[in-house]
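Engineer:
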Ligand code: HPA
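In this note's numbering, the protein residues as written are -4 to 362.
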């Protein structure tokens, strides 16, 4: 639970933004939001997103919500309820208020200021056990976050010390295929930035699209294809957080890629390099799709990471990442793909990946 003061701060901030007519009008542009159900106890007027706000005829105050502007109640209920609404679009300009609430939830438990943020993908959560002075917060205790649902994803935010450096880790992540809005999927990396991290390391389990990348290959991500059809930057921007049209030429920071390769060499762990294609999932690809991805220039395919990279870069963070190839892409072996095989390969190669990341963090601290 948030401390009382933190909740108040959040209310105050949202209240002061609530009467912006553009924000009411925005409901018109988000048919999904208009169609989604409000949290219990908060009524919607007709098809409008904001309870009591008739977007076709101006503002109306609902009975029973006199002291609080309806948007406050709606946002607060969505952020603090036991089942947050994960589908309603979160445009970039709504992120700052949400990050303030998330930051308060973390600061109620830890004052650690991380240098590095790590996202641990499917089966790669072992590194979390190696954190010293660990503070662990389940996703479900973070305002607005749902519990992680994917098998192999514990769903915790952790703070602690790794190789002498203060780090924040995400053990498990939020995926689009779980029904989460793109803006929600990227909140953990934005929060890492809010807490102080300047570098984020994104890891994932992925299928090998490059035929020479068999199970167990560790691939430094050099670039990506966002094939999810989504972006976390849709809707009104907040220039204080990031630019409207962010450049993604170096979204995968070249210096950090080199640092990862150096860490691999020091540890005697072989690392490949390639392009990660992020798809929506949750079905694995068809063999024809894997051939298409190869034609498009992909070396690995997965169901995460690309939105996080875009949002982190937008917010001025430096991004790097490693894909753990858990299986040959669909159609290469003729055998069906299973999530169990993905988790098993992650467990096998996870310790190698952990060594590279530990070394990378140690080197970063010394540079
Ligand atoms: N495709 C998509 N995502 C994946 C795969 C795959 O083959 N393996 C692990 N994550």
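Note that beta-carbon positions come from the ideal geometry of N, C-alpha and C, so glycine has one too.
If you run the structure through DSSP and keep just helix, strand and coil, what is residue 165?
Structural biologist: DSSP places residue 165 in strand when its eight states are reduced to three.
Engineer: Around the Cβ of residue 111, are there at least 16 other Cβ atoms within 10 angstroms (buried) or fewer (exposed)?
Structural biologist: When all chains shown are included, residue 111 counts as buried.
Engineer: If I follow the unbroken alpha helix (DSSP H) through residue 114, where does it start and stop?
Structural biologist: Per DSSP, residue 114 belongs to no alpha helix (DSSP H); it is in the beta strand (DSSP E), 111 to 115.
Engineer: Determine whether the beta carbon atoms of residue 368 and residue 352 lie at a separation below 8 Å.
Structural biologist: Nothing in the structure corresponds to residue 368, since the chain is present only between -4 and 362.
Engineer: For residue 347, which residues from the same chain have a beta carbon less than 6 Å from its beta carbon, with the 5 sequence-adjacent residues on both sides left out?
Structural biologist: Counting only Cβ-Cβ distances below 6 Å, and skipping sequence neighbours, we find 264.
Engineer: Can you find a heavy atom of the ligand HPA that lies under 7 Å from the Cβ of residue 287?
Structural biologist: Checking the Cβ of residue 287 against the ligand HPA gives no.
Engineer: Do residue 297 and the ligand HPA come close, with the Cβ less than 7 Å from some heavy atom?
Structural biologist: Yes; taking the cut-off as 7 Å, the Cβ of residue 297 has a heavy atom of the ligand HPA nearer than that.
Engineer: Buried or exposed for residue 224, please, with buried defined as at least 16 other CB atoms from any protein chain shown within 10 angstroms of its CB.
Structural biologist: By the neighbour-count rule (16 or more Cβ atoms within 10 Å), residue 224 is not buried but exposed.
Engineer: Name the residue from 91, 79, 78 and 138 whose alpha carbon lies nearest to the alpha carbon of residue 306.
Structural biologist: Ranking 91, 79, 78 and 138 by Cα distance to residue 306 puts 91 first.
Engineer: Tell me which same chain residues have a C-beta within less than 7 Å of the C-beta of residue 314, skipping the five on either side of it?
Structural biologist: Cβ within range, chain order: 195, 197, 246, 247, 248, 304, 307 and 308.
Engineer: So for residue 250, helix, strand or coil by DSSP?
Structural biologist: In this structure, residue 250 counts as helix in the three-state DSSP scheme.
Engineer: Which same chain residues end up closer than 8 Å to residue 241 when comparing Cβ atoms and leaving out the 5 residues on each side of it in sequence?
Structural biologist: Contacts found: 228, 305, 308 and 309.
Engineer: Could you give the C-beta distance for residue 86 and residue 178, rounded to a whole number, given that I count them as a contact under 8 Å?
Structural biologist: The Cβ separation is near 7 Å, so the contact holds.
Engineer: Is the closest heavy atom of the ligand HPA to the C-beta of residue 260 under 7 Å?
Structural biologist: Result no, Cβ not under 7 Å from the ligand HPA.
Engineer: Skipping 5 residues on each side, what residues in its chain have a beta carbon closer than 8 Å to that of residue 188?
Structural biologist: Closer than 8 Å at the Cβ level, and outside the excluded window around residue 188, lie 112, 195, 307, 310, 311 and 312.
Engineer: Can you tell me whether DSSP reads residue 181 as helix, strand or coil?
Structural biologist: Here residue 181 sits in coil by DSSP.
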